[in-house]
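Asker:
Here it is as structure tokens:
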């Protein structure tokens, strides 16, 4: 039973999942800090407060606090925007890396290809000569 658990725990997928989880937690801290410390401060500069939780209205002696909902919507929108731009930058770096890894064939490979192509042309010309009975 211990050997089965050990085989399960050491499988590549589980280790990759654990690494992804840890990176996700760290990434969450970065995005949360960006939203709270930068974007919400911009909201505070425009609207006077980074938090709308004080907004409410009363309807039939019931207080409806729509401000907390607006704050939550704003945070979700800001997180989505931050993730979009971050993932877009990562994708650009990934494409740039792929372009840099594209390597031109070596000169000797190019020469070998030219020789091969010339032999194919010579062989097809010889086959046509044999077909004509020359």
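Numbering (the working numbering), first residue to last: 4 to 137. In this text, a Cβ means the ideal position worked out from N, Cα and C, and glycines have one as well. Just so we're clear, the structure is a prediction, and the values are computed from it rather than from any experiment.
Near residue 61, which residues of its chain fall below 8 Å by C-beta distance, leaving aside the five closest residues on each side in sequence?
Answerer: Here the question's residue 61 lines up with position 58 in the chain shown. Cβ within range, chain order: 67.
Asker: At 4 residues or longer, what runs of the alpha helix (DSSP H) sit wholly inside the stretch 38-72?
Answerer: You should have 43-50.
Asker: Taking 8 Å as the cut-off, does the stretch 51-59 touch the stretch 70-80 (at least 3 CB pairs, one atom from each stretch)?
Answerer: At 8 Å Cβ cutoff, the stretches touch.
Asker: Output yes or no for whether 8 Å exceeds the beta carbon distance between residue 81 and residue 33.
Answerer: Translated into positions along the chain shown, residue 81 becomes position 78. Translated into positions along the chain shown, residue 33 becomes position 30. No, they are not a contact pair.
Asker: Does residue 77 come out as helix, strand or coil in the three-state DSSP assignment?
Answerer: Numbered from 1 along the chain shown, position 74 holds the residue referred to as residue 77. Three-state result, residue 77: helix.
Asker: Taking C-alpha atoms, which residue in 35, 51, 110 lies nearest to residue 84?
Answerer: To locate residue 84, count along the chain shown from 1; it is residue 81. It is 35.
Asker: With DSSP collapsed to three states, give me the class of residue 4.
Answerer: For the purposes of this step, residue 4 is taken as residue 1 along the chain shown, with counting starting at 1. Coil, per DSSP.
Asker: Roughly how many angstroms separate the alpha carbons of residue 2 and residue 127, rounded to a whole number?
Answerer: The shown model of the chain, from 4 to 137, leaves out residue 2, and the question about it has no answer.
Asker: Are residue 24 and residue 17 touching if we call contact CB-CB under 8 Å?
Answerer: Within the chain shown, numbered from 1, the residue matching residue 24 stands at position 21. Within the chain shown, numbered from 1, the residue matching residue 17 stands at position 14. Not in contact: residue 24 and residue 17 (Cβ atoms no closer than 8 Å).
Asker: How many angstroms separate the CA atom of residue 20 from the CA atom of residue 119?
Answerer: Translated into positions along the chain shown, residue 20 becomes position 17. Translated into positions along the chain shown, residue 119 becomes position 116. Near 48 Å, if we compare the C-alpha coordinates of residue 119 and residue 20.
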